[in-house]
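Colleague: Pasting a structure here, questions to come.
Number of protein chains: 2
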Amino acid sequence: MGETNLTERKKKILKALIDSYINDVEPISSAAIQKQYLPEVSTATIRSELSMLEEMGYLTQPHVSSGRIPSSKAYKYYVEHILDISDIDSAQIREIVNEKFQSVQEVVKNGAKIVSDITNYTSMLMITSADNIVIKDIKIIDMYDNTALVLIVTDNGVIKNKQIDLPHDVKENFIEVAGGLLRKAFVGKSIAEVTNGDDCLDKELEAFRSIYEQVIAFVMDFKNATEEQLYVEGTEKIFDYPEYKDVDNVRQFMSVVSHREKLCGLMEGEGDIEYCVRIGSEDSVDLANMALITAKYNINGKEVGHVGVIGPERMDYKKVLGVLKELGVLLQDNKKE
Amino acid sequence: MGETNLTERKKKILKALIDSYINDVEPISSAAIQKQYLPEVSTATIRSELSMLEEMGYLTQPHVSSGRIPSSKAYKYYVEHILDISDIDSAQIREIVNEKFQSVQEVVKNGAKIVSDITNYTSMLMITSADNIVIKDIKIIDMYDNTALVLIVTDNGVIKNKQIDLPHDVKENFIEVAGGLLRKAFVGKSIAEVTNGDDCLDKELEAFRSIYEQVIAFVMDFKNATEEQLYVEGTEKIFDYPEYKDVDNVRQFMSVVSHREKLCGLMEGEGDIEYCVRIGSEDSVDLANMALITAKYNINGKEVGHVGVIGPERMDYKKVLGVLKELGVLLQDNKKE
DNA sequence: TGTTAGCACTCACATATCTCGACTGCTAAA
DNA sequence: TTTAGCAGTCGAGATATGTGAGTGCTAACA
Numbered sequence: 007m008g009e010t011n012l013t014e015r016k017k018k019i020l021k022a023l024i025d026s027y028i029n030d031v032e033p034i035s036s037a038a039i040q041k042q043y044l045p046e047v048s049t050a051t052i053r054s055e056l057s058m059l060e061e062m063g064y065l066t067q068p069h070v071s072s073g074r075i076p077s078s079k080a081y082k083y084y085v086e087h088i089l090d091i092s093d094i095d096s097a098q099i100r101e102i103v104n105e106k107f108q109s110v111q112e113v114v115k116n117g118a119k120i121v122s123d124i125t126n127y128t129s130m131l132m133i134t135s136a137d138n139i140v141i142k143d144i145k146i147i148d149m150y151d152n153t154a155l156v157l158i159v160t161d162n163g164v165i166k167n168k169q170i171d172l173p174h175d176v177k178e179n180f181i182e183v184a185g186g187l188l189r190k191a192f193v194g195k196s197i198a199e200v201t202n203g204d205d206c207l208d209k210e211l212e213a214f215r216s217i218y219e220q221v222i223a224f225v226m227d228f229k230n231a232t233e234e235q236l237y238v239e240g241t242e243k244i245f246d247y248p249e250y251k252d253v254d255n256v257r258q259f260m261s262v263v264s265h266r267e268k269l270c271g272l273m274e275g276e277g278d279i280e281y282c283v284r285i286g287s288e289d290s291v292d293l294a295n296m297a298l299i300t301a302k303y304n305i306n307g308k309e310v311g312h313v314g315v316i317g318p319e320r321m322d323y324k325k326v327l328g329v330l331k332e333l334g335v336l337l338q339d340n341k342k343e
Numbered sequence: 007m008g009e010t011n012l013t014e015r016k017k018k019i020l021k022a023l024i025d026s027y028i029n030d031v032e033p034i035s036s037a038a039i040q041k042q043y044l045p046e047v048s049t050a051t052i053r054s055e056l057s058m059l060e061e062m063g064y065l066t067q068p069h070v071s072s073g074r075i076p077s078s079k080a081y082k083y084y085v086e087h088i089l090d091i092s093d094i095d096s097a098q099i100r101e102i103v104n105e106k107f108q109s110v111q112e113v114v115k116n117g118a119k120i121v122s123d124i125t126n127y128t129s130m131l132m133i134t135s136a137d138n139i140v141i142k143d144i145k146i147i148d149m150y151d152n153t154a155l156v157l158i159v160t161d162n163g164v165i166k167n168k169q170i171d172l173p174h175d176v177k178e179n180f181i182e183v184a185g186g187l188l189r190k191a192f193v194g195k196s197i198a199e200v201t202n203g204d205d206c207l208d209k210e211l212e213a214f215r216s217i218y219e220q221v222i223a224f225v226m227d228f229k230n231a232t233e234e235q236l237y238v239e240g241t242e243k244i245f246d247y248p249e250y251k252d253v254d255n256v257r258q259f260m261s262v263v264s265h266r267e268k269l270c271g272l273m274e275g276e277g278d279i280e281y282c283v284r285i286g287s288e289d290s291v292d293l294a295n296m297a298l299i300t301a302k303y304n305i306n307g308k309e310v311g312h313v314g315v316i317g318p319e320r321m322d323y324k325k326v327l328g329v330l331k332e333l334g335v336l337l338q339d340n341k342k343e
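The listed protein sequences correspond, in order, to chains A and B. Residues in the first sequence are numbered from 7 upward in steps of one, following the working numbering. Residues in the second sequence are numbered from 7 upward in steps of one, following the working numbering.
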């Protein structure tokens, strides 16, 4: 992939074809391109260009006497080399984004729904997996009936609690000692660092083993639970697009959207890329006829989550990228509330 | 509705027709019924019975020279008067249910998914709305940076916490006084009883107003949040059923499944009915060509949530009702863990 | 009165055939 | 390298036709 060596005219034709296809979802003929985008050359010229582009794998023909449609490769090229994000009217998008999101709280609560409403595509929100969240403080509070409450404060502000059982024979200062112990054992560690086998408990503190183990179990639960925090919204939006008049496409789409684990994996993205655009199926990724755009967000330098938009291959990349970008700005500014 | 006055033979024919349709999803002819279910009479007799049943609204004909299919009314009659739940092989179902649900914890975590896997229909789980949850205890704990943590313990064991801001000029015993105040104001109240306008704050305690209001806001949030706790799983299962070869049906199905508020309303059911079977569209309920079965569950006499199964009208009512029933037994027994 | 055989009738579905026209690829000339 | 011209392809839609499953009706029968 990634041959940048397309002549300007080929680029122009490719862009014309994709722009047109994104709107009408119909094979585009040489005549249509000439009329709308390239009046200065003849249809025959365009035809010969088209057949070259087809040979290069950018276009396909549903049948011999029809116009052409872009291939996945074409969309990828389009996003990488043709699409100009810089001229997005960010003011306008910003206004919409700001209007819809009253506060950062809102983003977490309704992020997927709102992004879906703005873009008109199915959207997802994934809260970052707990692995690299650091335990900032841990408290233990006496309750009743021989139970206590353990509170874990993390560096991204989330507080988790869990009721645990105390041993029967609690001495007066048991809670305070346990508190100190837990602080010593856990504060500063990341969630990922806490593992089952972990045993840094001194022999003499055997009395606290039960508590200690309950806390570890709790952290493990937390770890697993937050890995699953994926919200998908606006699934029904796909029916607005003619490619999903075909049940098989719907089915395939639903299959991607309902496999949470896979979807989480896709949303994680690769490495530290801020935006990730996946188009069509690649090895090990089954996104046939679909495109998935994901973005990673930070607040105060800390990764908080990913937002994704999924739709047909011919999605409005510009709009979606624009919205995701402005959402990033909103979160970064973080001014409201 | 609810004419029980069908002759035994009509009942038998109706049952035959529905049973057959549930399996094959194809219009049933008089000959087919005779062959499989009623060899003792002629097809002509069956035909005349069929046309009477059709006149009564139990059957429809896709076209004049085709067999008949059951109407929503027929399914309702079937569930109410024909289907015999008592002879469900509960031992077998219980085994499956028990095998899949390793513990009660599992039910909350993966309930929808597992029910969907067992029944092979799309399933939902809704955690009971917070309204009639009672606040059992409330604690306030000093943190740092002029913030404190408020903990609310409810009678169903859930603990919620929220970080709140303290006023700048905190006196030594501020936290303790505030704690007593909050306890006095909230303990014993149900979530529903806490409302915004509420103001039982003495004039002299003006200093605590800010805290008080933050707690109220938090409870309100809690109220709204838990109303939303609905998990839908197995959406893609519908593609296993031929009626969803048609995109319009899929679309309609998705529309029902994605409108969470409406779905929550439907799952709440009416009054104190344990099981609720809704078939087809009724006034104000848009379930055209679909059936929704919901069940309400209690643990220790406290309502904890609802589980629902949604699918085509000709769903396997016996199986679904059996599974939901056994799930109830499992939760009631509550023996494991 | 209820049941049955017989028969005419209906209509979805599948298949075949045809036309139309939107495109293309190719060729030869500019 | 570009262009006009033209033959050729093929999907989509319209029309016609046969087939068979299944019904409603009627008249005879128990």
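Quick reminder that beta carbons are idealized off the backbone N, C-alpha and C, glycines included.
How far does the beta strand (DSSP E) with A:Y64 in it extend, from its first residue to its last?
Modeller: The residue labelled residue 64 of chain A in the question sits at position 58 within the first sequence. Here A:Y64 belongs to no beta strand (DSSP E), and DSSP marks it neither H nor E.
Colleague: Do A:V253 and A:T125 have their CB atoms nearer than 7 Å?
Modeller: What you label residue 253 of chain A is simply residue 247 of the first sequence in a count that begins at 1. What you label residue 125 of chain A is simply residue 119 of the first sequence in a count that begins at 1. The answer is no: Cβ separation not under 7 Å.
Colleague: Restricting to runs no shorter than 3 residues, where is the beta strand (DSSP E) found entirely within the segment 273-324 of chain A?
Modeller: Listed in chain order, the complete beta strand (DSSP E) runs (minimum 3 residues) inside the segment 273-324 of chain A are 281-285, 296-305, 308-318.
Colleague: Taking contact to mean 3 or more Cβ pairs, one atom from each stretch, closer than 8 Å, check whether the segment 20-39 of chain A and the segment 65-81 of chain A are in contact.
Modeller: These segments touch.
Colleague: Run through chain A and tell me which residues come within less than 9 Å of B:E242, C-beta to C-beta.
Modeller: Taking the first residue of the second sequence as 1, we reach residue 242 of chain B at position 236. Residues of chain A passing the Cβ test: R257, M260, S261, V263, S264, H265.
Colleague: To the nearest whole angstrom, what separates the beta carbons of B:V114 and B:L337, a pair I think is in contact under 8 Å?
Modeller: The residue you call residue 114 of chain B lines up with position 108 of the second sequence. The residue you call residue 337 of chain B lines up with position 331 of the second sequence. Rounded, the Cβ-Cβ distance is 10 Å, inconsistent with contact.
Colleague: Apart from the five residues on each side of it in sequence, which residues of its chain come closer than 8 Å, Cβ to Cβ, to B:Y64?
Modeller: Residue mapping note: residue 64 of chain B aligns to position 58 of the second sequence, counting from 1. Within the same chain, B:Y64 has close Cβ partners L20, P76, S77, K79, A80, Y83.
Colleague: Along the segment 120-148 of chain B, where does the CB come closer than 9 Å to a CB of chain A? Name the residues.
Modeller: The segment 120-148 of chain B vs chain A, Cβ under 9 Å: D143, K145, I147.
Colleague: Quick check: the segment 296-316 of chain B against the segment 212-231 of chain B, are there 3 or more CB pairs under 8 Å?
Modeller: No contact exists between the segment 296-316 of chain B and the segment 212-231 of chain B.
Colleague: I'd like the span of the beta strand (DSSP E) that includes A:D143, first residue to last.
Modeller: For the purposes of this step, residue 143 of chain A is taken as the residue at position 137 of the first sequence. Unbroken beta strand (DSSP E) run through A:D143: 141-148.
Colleague: Is A:T3 near A:Q40, with beta carbons less than 7 Å apart?
Modeller: Outside the shown range of chain A, which is 7 to 343, sits residue 3 of chain A, and nothing can be said about it.
Colleague: Under 6 Å Cβ to Cβ from B:F214, same chain only, skipping five residues before and after it: list those, please.
Modeller: For the purposes of this step, residue 214 of chain B is taken as residue 208 along the second sequence, with counting starting at 1. Closer than 6 Å at the Cβ level, and outside the excluded window around B:F214, lie A184, L187.
Colleague: Would you please verify whether the beta carbon of B:N167 is less than 7 Å from any beta carbon of chain A?
Modeller: The count along the second sequence starts at 1 and reaches residue 167 of chain B at position 161. By this cut-off, B:N167 is an interface position.
Colleague: How many angstroms separate the CA atom of A:I133 from the CA atom of B:E267?
Modeller: The residue labelled residue 133 of chain A in the question sits at position 127 within the first sequence. The residue labelled residue 267 of chain B in the question sits at position 261 within the second sequence. Roughly 23 Å separates the two Cα atoms.
Colleague: To the nearest angstrom, report how far apart B:D246 and B:T128 are at their CA atoms.
Modeller: Here residue 246 of chain B corresponds to residue number 240 of the second sequence, with the count starting at 1. Here residue 128 of chain B corresponds to residue number 122 of the second sequence, with the count starting at 1. Taking the straight line joining both Cα atoms gives about 11 Å.
Colleague: Going along the chain, which residues of its own chain have a beta-carbon closer than 6 Å to the beta-carbon of B:V310, five neighbours each way excluded?
Modeller: For this step, residue 310 of chain B is matched to residue 304 along the second sequence. So the qualifying residues of the chain are T134, Y303.
Colleague: Counting C-beta neighbours from all protein chains within 10 Å, is the total for B:S122 16 or more, i.e. buried, or is it exposed?
Modeller: Against the second sequence, residue 122 of chain B aligns to sequence position 116. It counts as buried.
Colleague: Where do the N-terminal and C-terminal ends of the beta strand (DSSP E) with A:K168 fall, by residue?
Modeller: Taking the first sequence and counting its residues from 1, the one referred to as residue 168 of chain A is at position 162. 165-171 is the extent of the beta strand (DSSP E) around A:K168.
Colleague: Cα-Cα, which of B:K177, B:E242, B:F192, B:G314 is closest to B:I144?
Modeller: As a first step, residue 144 of chain B is located in the second sequence; it is residue number 138 there, counting from the start. The candidate whose alpha carbon is nearest that of B:I144 is B:F192.
Colleague: Which residues of chain A have a Cβ atom closer than 9 Å to the Cβ of B:K251, listed in chain order?
Modeller: Reading the second sequence from its first residue, position 245 is the one you call residue 251 of chain B. Going along chain A in sequence order, the residues near B:K251 (Cβ under 9 Å) are V253.
Colleague: According to DSSP, is A:V121 part of a helix, a strand, or is it coil?
Modeller: Numbered from its first residue, the first sequence carries residue 121 of chain A at position 115. Helix.
Colleague: Between A:F228 and chain B, is the shortest Cβ-Cβ distance under 7 Å, so that the two count as touching?
Modeller: Start at 1 with the first residue of the first sequence, and residue 228 of chain A comes out as number 222. Chain B contact via Cβ: absent.
Colleague: Cβ closer than 9 Å: which chain A residues qualify as neighbours of B:L157?
Modeller: The residue you call residue 157 of chain B lines up with position 151 of the second sequence. The answer, in chain order, is I147, L155, L157, N167.
Colleague: Could you please give the first and the last residue of the uninterrupted alpha helix (DSSP H) stretch that includes B:L23?
Modeller: By 1-based counting over the second sequence, the position of residue 23 of chain B is 17. Counting along the chain, the alpha helix (DSSP H) containing B:L23 begins and ends at 14-30.
Colleague: If we define contact as Cβ-Cβ less than 7 Å, is B:A223 a contact residue for chain A?
Modeller: Translated into positions along the second sequence, residue 223 of chain B becomes position 217. Answer no: the Cβ-Cβ gap between B:A223 and chain A never drops below 7 Å.
Colleague: Taking only three categories from DSSP, how would you classify A:H174?
Modeller: As a working note, residue 174 of chain A is residue 168 in the first sequence. In this structure, A:H174 counts as coil in the three-state DSSP scheme.
Colleague: Under three-state DSSP, which class holds B:T201?
Modeller: As a first step, residue 201 of chain B is located in the second sequence; it is residue number 195 there, counting from the start. If DSSP states are grouped into helix, strand and coil, B:T201 belongs with coil.
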